[in-house]
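Keeping their order, the protein sequence lines are chains A and B. Numbering follows numbering that gives the first Met the number 0, with no gaps: position 4 of the first sequence is 3. Numbering follows numbering that gives the first Met the number 0, with no gaps: position 249 of the second sequence is 248. Note that beta-carbon positions come from the ideal geometry of N, C-alpha and C, so glycine has one too. Here the structure is a predicted model, which is why all the values come from computation and not from measurement. Okay, so here's the structure we're looking at.
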Amino acid sequence: MAFINKNSHNNPDYVTDIFTPGLVSNGSDRSYAPLSIGFFAKVADEAGLSTNVTYENTNLSKRYVPRIVDHAMKAACKYTTVKPSEVIDEVSYRLWSIGGEDV
Amino acid sequence: MSEKKEADIVPIETVEYRSEWPTVDFNTYETICNHDNDSSRRRGILSEDSYKDIILDPNTGFINIGNTLIPALIDMRHGLAMGYDTDRCKRLASELTSNVKILSFPVNELDDDEKTQLVELFKPNNECALFFSDHNSDESSVIGDILDKAGIGHLEKSLVDPRAAKGDSQAALFLYSCCAEQGLERGERSKLTLRDVQDYYDNKLEPSYTPDGKAVTTLNMGDRISDQEAEEMWGIYDTMFNFLSGEDHPISMQDSKEDFFKLLRTENTMIAATYKRLENGNNELTCFTYFIDNIDILHWLL
Numbered sequence: 000m001a002f003i004n005k006n007s008h009n010n011p012d013y014v015t016d017i018f019t020p021g022l023v024s025n026g027s028d029r030s031y032a033p034l035s036i037g038f039f040a041k042v043a044d045e046a047g048l049s050t051n052v053t054y055e056n057t058n059l060s061k062r063y064v065p066r067i068v069d070h071a072m073k074a075a076c077k078y079t080t081v082k083p084s085e086v087i088d089e090v091s092y093r094l095w096s097i098g099g100e101d102v
Numbered sequence: 000m001s002e003k004k005e006a007d008i009v010p011i012e013t014v015e016y017r018s019e020w021p022t023v024d025f026n027t028y029e030t031i032c033n034h035d036n037d038s039s040r041r042r043g044i045l046s047e048d049s050y051k052d053i054i055l056d057p058n059t060g061f062i063n064i065g066n067t068l069i070p071a072l073i074d075m076r077h078g079l080a081m082g083y084d085t086d087r088c089k090r091l092a093s094e095l096t097s098n099v100k101i102l103s104f105p106v107n108e109l110d111d112d113e114k115t116q117l118v119e120l121f122k123p124n125n126e127c128a129l130f131f132s133d134h135n136s137d138e139s140s141v142i143g144d145i146l147d148k149a150g151i152g153h154l155e156k157s158l159v160d161p162r163a164a165k166g167d168s169q170a171a172l173f174l175y176s177c178c179a180e181q182g183l184e185r186g187e188r189s190k191l192t193l194r195d196v197q198d199y200y201d202n203k204l205e206p207s208y209t210p211d212g213k214a215v216t217t218l219n220m221g222d223r224i225s226d227q228e229a230e231e232m233w234g235i236y237d238t239m240f241n242f243l244s245g246e247d248h249p250i251s252m253q254d255s256k257e258d259f260f261k262l263l264r265t266e267n268t269m270i271a272a273t274y275k276r277l278e279n280g281n282n283e284l285t286c287f288t289y290f291i292d293n294i295d296i297l298h299w300l301l
């Protein structure tokens, strides 16, 4: 069973697991970035979708992406209760100097 | 001698190096690597094609597990096969050494004999810069222990991004979850796919314009977008993901064009795209996000 499925196994069976690989902006019109996720949330909300949306962040993008996602979802949904984004897993990356003169 | 015949000759170093034990096939390697993996990301080498190159590379270090050889220490030039940004990693390690390696097997699952074999792999050069991933610090503590026992010095070089929030500067990837659940007031709740959502949009809704009319957002399924739309999305993606990863993050958050399209242009992908309306009447793509309801196609996740 996939990690994401395992993580959401307590969710009701009408909840659809969705992964989003990225919120991508051209950089010059960043104020438009929440529009795309907000419109998806609005349509999904009206259509009747219950979902567990999963996405990855670097230690840099976590500074703003979860806030954009949560704000856009909450603002767009009329029929859906939105729980704020939470971290469900973390992998860190290490660089070690081994056996050199400086160690 | 023809080029083809030259290519058929197996270098003698390869024959000597790989001894009498067979190398495990990719599926077995992948299974062993992830057998007790409780993280969201797959461990080890992700691509079967790259695996073939790696096991033929005379610089790859193997350990013997159950009389089969498993690649455990690989050159950074194969970094992309494990999601590393090869050039960035070499730059990050440049002040240490030019001998940059990656652990390609979870050390915390090795027994004592296998750990000893791993230590031996560090000895021929006696100096390297080593990249590895760490879940709950399970790798760093074990690697530190075995190097200490072998009397091999080690020092961590910080991989930090000053633009990150305080306490989050260490290079890492985080998996987030956000749950949105329909209330009971609309009656029975049923499981929907993204295609169902698209059908609802196609039949009942229209593109969404900003109040000033300067931007419009649309929804479409990945298998319905045109080649031109896909190229526009690739153009933005290719530029922006370099920024998002940060200059000091060893992992590439950016797929190749081929892999990007494999996720973007599927029947399980929905794309929300926002366009700026230009004065000449044309629309210019400014941002998009895409959603996938087939978790199995996310090859880097467990």
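DSSP state of residue i mapped onto helix, strand, coil
i: A214(B); result: strand
i: D222(B); result: helix
i: G82(B); result: coil
i: G156(A); result: Look at the range of chain A in this structure, 0 to 102, and you will see that residue 156(A) is not part of it.
i: H298(B); result: coil
i: N26(B); result: helix
i: G234(B); result: helix
i: Q197(B); result: helix
i: S49(B); result: helix
i: Q227(B); result: helix
i: R62(A); result: helix
i: C32(B); result: helix
i: E55(A); result: strand
i: E19(B); result: coil
i: R185(B); result: helix
i: A170(B); result: coil
i: L191(B); result: coil
i: I8(B); result: Its pLDDT being 47, under 50, I8(B) is placed unreliably by the model, and nothing is read from it.
i: A179(B); result: strand
i: L94(A); result: strand
i: K3(B); result: Note that K3(B) has pLDDT 40, beneath the 50 cutoff, so the model's placement of it is unreliable and no number is given.
8 Å CB neighbourhood of residue i in its chain, flanking five on each side removed
i: Q197(B); result: L218, N219, M220, M269
i: F287(B); result: M232, I235, I270, A271, A272, T273
i: T265(B); result: G221, D222, I291, N293, I296
i: N98(B); result: N124, E126, C127, A128
i: Q302(B); result: Residue 302(B) falls outside the range modelled here, since chain B spans only 0 to 301, and no answer is possible.
i: R62(A); result: none
i: W20(B); result: N63, N66, T67, L68
Contacting residues, own chain, Cβ-Cβ under 6 Å from residue i (five flanking each side not counted)
i: D84(B); result: S251
i: S207(B); result: T216
i: A214(B); result: T273, K275
i: S46(B); result: A80
i: L59(A); result: none
i: T115(B); result: none
Contact belief for residue i with residue j at Cβ below 8 Å, rounded distance in angstroms
i: L95(B); j: S96(A); result: 5 Å
i: I101(B); j: I73(B); result: 5 Å
i: V42(A); j: Y200(B); result: 5 Å
i: L94(A); j: F130(B); result: 6 Å
i: F259(B); j: V86(A); result: That belief does not hold up - the Cβ atoms of F259(B) and V86(A) are roughly 25 Å apart, past 8 Å.
Where the beta strand (DSSP E) containing residue i begins and where it ends
i: K275(B); result: 268–276
i: T80(A); result: 79–81
i: T67(B); result: 67–74
i: G60(B); result: 60–64
The alpha helix (DSSP H) enclosing residue i, as first and last residue numbers
i: N282(B); result: It is not in any alpha helix (DSSP H) - N282(B) instead sits in the beta strand (DSSP E) that spans 282–291.
i: D314(B); result: This structure gives no information on residue 314(B), because the portion of chain B shown stretches from 0 to 301.
Chain-order list of residues whose beta-carbon lies under 7 Å from that of residue i (same chain, five-residue window excluded)
i: I54(B); result: T22, P70
i: V90(A); result: none
i: L109(B); result: L117
i: V52(A); result: I17, T19
i: R76(B); result: T85
i: N33(B); result: R41, R42, L301
i: K73(A); result: V81
i: C88(B); result: M75, G78, V99, F130, P249
i: F39(A); result: none
4-residue-minimum alpha helix (DSSP H) runs that sit fully inside the segment 87–158 of chain B, ordered along the chain: Note on the segment 87–158 of chain B: whole alpha helix (DSSP H) runs with a minimum of 4 residues are 111–121, 137–149, in chain order.
Ranges of the alpha helix (DSSP H) found wholly within the segment 5–52 of chain A, counting only runs of at least 4: Those alpha helix (DSSP H) runs which fall completely within the segment 5–52 of chain A and span 4+ residues are 32–46.
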